[in-house]
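Report on one structure; see the data block that follows.
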Amino acid sequence: GEPTVWMGWMGNWDYANRLPMSWGQGALSIPRELNLVKTNRGYELRQRPVTALQKLRGYRVDTVLTKVGTNAPLREFHPSRNTYELIATFPLEHPAQQVGLNLCVGKGRKVALMYDRTTANVTLDRRASGDVSFSEHFPRAVSAPLFDSGESVTFHVFVDQSSVEVFVNDGAVVLTSQIFPDPSDTGIELLSL
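As structure tokens, this is what we get:
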């Protein structure tokens, strides 16, 4: 049958009336296909971006990096604005490994996305993402457990100027945040420790 598709509200009534923008009190996420998947822990919901979004893709940049390290700039792709889709796969080679991306990087600002194999948590941290001063409730990090990461972790990321949506390992974990970066903060960094 037809897949179940839904969109979530990106907002929070703790600060929705104080957002530093003129287009409303939050935004809707990209459309997501919802599936019920049987796992060894029982049934779980998985969310994936609808495939129709692939028709919106522009030019493609492919790169393979063999060694990353701490906060290594992604030189092969530097967007002119914070509107892009990015898929990054990191091999997991040791039990205490941390891998991730810094998005919307510039002048000490960033949106940090990290998987910590020790805690088995994925974290999306917007505390240093740009304008976070309009509410004490806005600057925060959100985390979710990633069970059974296997030999690698894949981040499927959509950045759209005032939002970041992350689908981890084919929708096993999904994290979404509004952000308000400076338009010049378009850097991307990779991390693997």
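The sequence shown begins at 13 in the working numbering and counts up one residue at a time.
Yeah, the Cβ is synthetic: ideal placement off N, Cα and C, and Gly gets one too.
The structure displayed is predicted, hence computed values, not measured ones.
Nearest in C-alpha terms to Asn-133, of all of Ser-92, His-90 and Val-165, is Val-165. With a threshold of 16 other beta carbon atoms within 10 Å, Leu-187 meets it and is buried. Exclusion of the five residues before and after Gly-20 leaves Leu-40, Ser-41, Arg-44 and Thr-188 as the residues of its chain whose Cβ lies within less than 8 Å of its Cβ.
A distance below 9 Å separates the beta carbons of Pro-85 and Gly-199.
Annotation: Tyr-71 is outside any beta strand (DSSP E) and is labelled neither H nor E by DSSP.
Taking Tyr-27 as the centre and dropping the five residues before and after it, the same chain places the C-beta of Ser-147, His-149 and Phe-150 closer than 6 Å to its C-beta, in chain order. Secondary structure note for Met-126: its beta strand (DSSP E) is the uninterrupted segment 121-128. A residue is called buried when at least 16 other Cβ atoms come within 10 angstroms of its Cβ; Gly-120 does not meet this threshold and is exposed.
Three or more Cβ pairs drawn from the segment 153-164 and the segment 92-109 lie within less than 8 Å of each other, which places the two stretches in contact. Ranked by Cα distance from Leu-46, the first of Trp-18, Gln-109 and Val-123 is Trp-18. Here Ile-191 really is in contact with Gly-142; their C-beta atoms are around 6 Å apart, less than 8 Å. Annotated three-state conformation of Ala-28 is helix, per DSSP.
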